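Peer 1: Could you have a look at this structure, given as structure tokens, before my questions?
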Amino acid sequence: MAATMRAWTFTSRGTPSSVLKLRNDLPKPSPAMLGPHDVLVKVAYVAVFQGSAAIMNIIPHFNSNLWIPESNFSGLIEAIGRDVQHLKVGDAVFGSPNPKHYTKRETKYNGMMAEFAIIHAGQVVRKPDNIAFDAAAGLAAEGCTILQFCQKTKIKEGDRVLICGASGGLGSVAVQIAKSIVGEEGAVVGICSAANADLVKGLGADEVVDYKSHSRLSDHLAELYSAKPFNVIMDCAGVDDSLYFESPRYLSPDGVFLAGGRMGVTHGGGGILDILSFLVVLQLRMHWPSVLGGTPRTLMFHSGEVIPESMQELPRLVEKGQLRGVIDGEWPMEDAIKAYQRVATGRARGKVVVRVQDV
């Protein structure tokens with residue numbers, strides 16, 4: 001009898017609680033299915049990503065295949081393709097597949113909320129010994145994204161960086177990587193609630209701003225930082241458009257505002273209409289002359305990609321103590337829906353992870 005495995009699947013569009021089903025009868029991928037550059041992974045933990053709910057709720061189901069959600073994972077190598085050089089059977093690893101594979105007809109590629117999965121070896125790296133499986137599970141996609149944010153905005157030693165949403169899954173990684181680049185001569189300021197201030201400072205932030213204590217956060221930022229403006233602002237939350245529109249008051253003239261989050265869309269708040277209206281206003285504020293209400297500051301968008309060049313940097317940062325995983329909470333495989341509900345609150349401190357199985 002063919003070996004089977006457990007996995008969460010969905011076959012139609014909808015919210016996680018309405019479309020996800022836990023199956024225990026799916027065929028387990030076999031080494032015979034591996035391409036020359038693939039690996040077979042026994043999945044230990046999966047981190048729940050805020051955008052996964054949007055994928056389920058917005059994107060139509062394009063084929064009849066069962067889709068398996070999620071990407072960030074940790075686990076053990078079960079088998080390798082013939083041309084894989086940097087990994088071997090038994091290696092503890094973490095990584096994230098390329099989302100482009102999700103809609104392919106090749107059934108060997110799918111999401112990671114399963115006990116076993118096949119993934120391209122270029123999107124997997126060895127897990128350093130100084131990080132546990134649960135903490136490593138949330139590093140790949142967010143780590144690659146933040147490294148690319150830093151490259152796009154050209155952050156350098158001595159810069160001043162403001163990070164909004166500094167205690168969340170993406171923001172907590174941003175604080176650490178940004179601080180590793182700007183060094184002691186630079187500064188990282190994190191925006192979060194007072195309850196998360198110690199966490200964010202522990203990740204390397206030099207200062208913390210409590211967004212809950214001010215009715216207009218942009219006014220408070222202008223009061224504090226107009227005389228020492230930021231070189232880069234990373235918005236990892238995306239809940240307050242005025243942070244960009246008012247940024248000339250606290251972002252240097254040659255500074256960059258990088259929009260990296262849009263919580264209302266990823267959790268279904270305003271949906272498509274919300275993001276369309278935002279983009280219309282954004283285009284006006286970006287391109288109109290400042291005398292007509294435009295915003296004279298550079299705005300960037302970037303969708304992070306899991307690529308070998310970025311992935312290979314993450315273990316080095318972990319080994320040097322400059323990057324660690326922050327875990328908000330852990331749920332067993334059968335309670336994955338509760339993990340999605342926690343992420344949907346927008347109040348997670350770091351990553352929400354699902355324990356798929358012991359390894």
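Using full-length UniProt numbering, you'd call the opening residue of the sequence shown number 1 and step up by one each time.
Quick reminder that beta carbons are idealized off the backbone N, C-alpha and C, glycines included.
What you are looking at is a predicted structure, and each value in this text was computed from that prediction instead of being measured.
1. Taking the Cβ atom as the reference point for each residue, do D335 and A348 lie within a distance shorter than 8 Å?
2. Just list the beta strand (DSSP E) runs in the stretch 206-257, keeping only unbroken ones of 3 residues or longer that don't cross its boundaries, in chain order.
3. From what residue to what residue does the beta strand (DSSP E) around P332 run?
4. Between N196 and the rest of its own chain, which residues show a CB-CB distance below 7 Å, the 5 nearest in sequence each way excluded?
5. How long is the line joining the alpha carbons of V93 and L76, rounded to whole angstroms?
6. Cα separation between V239 and L314?
7. Identify which residue in W8, A53, T4 has its Cα closest to the Cα of Q341.
8. May I ask you to report which of helix, strand or coil DSSP gives S133?
9. Excluding the five sequence neighbours on either side, which residues of its own chain have a C-beta within less than 6 Å of the C-beta of V209, listed in chain order?
10. Apply the 10 Å Cβ neighbour rule to F133 and answer buried if 16 or more other Cβ atoms are within range, or exposed otherwise.
11. What's the call for R82, buried or exposed, on a 16-neighbour Cβ count within 10 Å?
12. Following the continuous beta strand (DSSP E) through T298, name the residue where it begins and the one where it ends.
13. Quick one, which of G51, S96, A121 has its alpha-carbon nearest A79's?
14. Which residue's Cα is closest to the Cα of I233: G260, T145, N24, G346?
15. With C-beta atoms as the reference, is G183 less than 8 Å away from G158?
16. Hey, R216 and F257: beta-carbon distance below 8 Å or not?
17. Find the nearest neighbour of L322 within the set Q123, S172, T295, N231, judged by alpha-carbon distance.
18. Should Q50 and V353 be called a contact, given that it needs their Cβ atoms to be closer than 8 Å?
19. By DSSP, does S74 sit in helix, in strand, or in coil?
20. Can you find the residues in the same chain that come closer than 7 Å, C-beta to C-beta, to E330, ignoring five residues on each side of it along the sequence?
21. Counting only the same chain and skipping the five closest in sequence on each side, list residues whose C-beta sits under 8 Å from that of I177.
22. Can you tell me the Cα-Cα spacing of G35 and P16, whole angstroms?
23. Straight-line CA distance for Q357 to F73?
24. Which residues does DSSP pair with H120 in a beta bridge?
25. What does DSSP give as the partner residues of residue 362 in its beta bridges?
26. Between the alpha carbons of T153 and K320, how many angstroms are there, rounded?
27. Taking the beta strand (DSSP E) that F94 falls in, what are its first and last residues?
28. Would you say the beta carbon of I58 is closer than 7 Å to some non-hydrogen atom of the ligand GDP?
29. Please state if the CB of M33 and the CB of E70 are separated by a distance shorter than 8 Å.
30. Is it the case that the Cβ atoms of I163 and V188 are separated by a distance below 8 Å?
31. Is the CB-CB distance between T11 and P27 below 8 Å?
32. According to the neighbour-count rule (16 or more other Cβ atoms, all chains shown, within 10 Å of its Cβ), is P253 buried or exposed?
33. What did DSSP end up calling L26 once you bin it into helix, strand or coil?
34. For N231 and S242, I'd like the C-alpha separation in whole angstroms.
35. Kindly indicate which three-state DSSP category A47 falls into: helix, strand or coil?
36. Please state whether the Cβ-Cβ distance between W67 and N110 is less than 8 Å.
Peer 2: So, from the listed chains and residues:
1. no
2. Taking only runs of at least 3 residues, the beta strand (DSSP E) segments lying wholly in the stretch 206-257 are 207-210, 230-235.
3. 327-332
4. Close CB contacts of N196 within its chain, under the 7 Å cut and outside five residues either way in sequence, are with S167, R349 (chain order).
5. 6 Å
6. 28 Å
7. A53
8. Going by the sequence as given, residue 133 is Phe instead of Ser. F133 falls in the helix class under three-state DSSP.
9. I191
10. buried
11. exposed
12. Element bounds for T298: 298-301.
13. Closest by alpha carbon: A121.
14. G260
15. Cβ atoms of G183 and G158: closer than 8 Å.
16. Their beta carbons are not under 8 Å apart, which means R216 does not touch F257 by this criterion.
17. One point to set straight first is that residue 322 is Gln, not Leu, in the sequence displayed. Closest option to Q322, Cα to Cα, is S172.
18. no
19. For S74, the three-state secondary structure derived from DSSP is strand.
20. D134, V353, R355
21. G143, I146, L147, C150, L317, Q322, L323
22. 31 Å
23. Straight through space, the alpha carbons of F73 and Q357 are spaced by roughly 12 Å.
24. D38
25. What is shown of the chain runs 1 to 359, which leaves residue 362 out entirely.
26. 24 Å
27. Taken as a continuous stretch (DSSP letters only), the beta strand (DSSP E) holding F94 covers 92-95.
28. Here there are no bound small molecules, and the ligand GDP is not part of this structure.
29. no
30. yes
31. no
32. With fewer than 16 neighbouring CB atoms inside 10 Å of its own CB, P253 falls in the exposed class.
33. strand
34. The straight-line gap from Cα to Cα measures roughly 18 Å.
35. Here A47 sits in strand by DSSP.
36. yes
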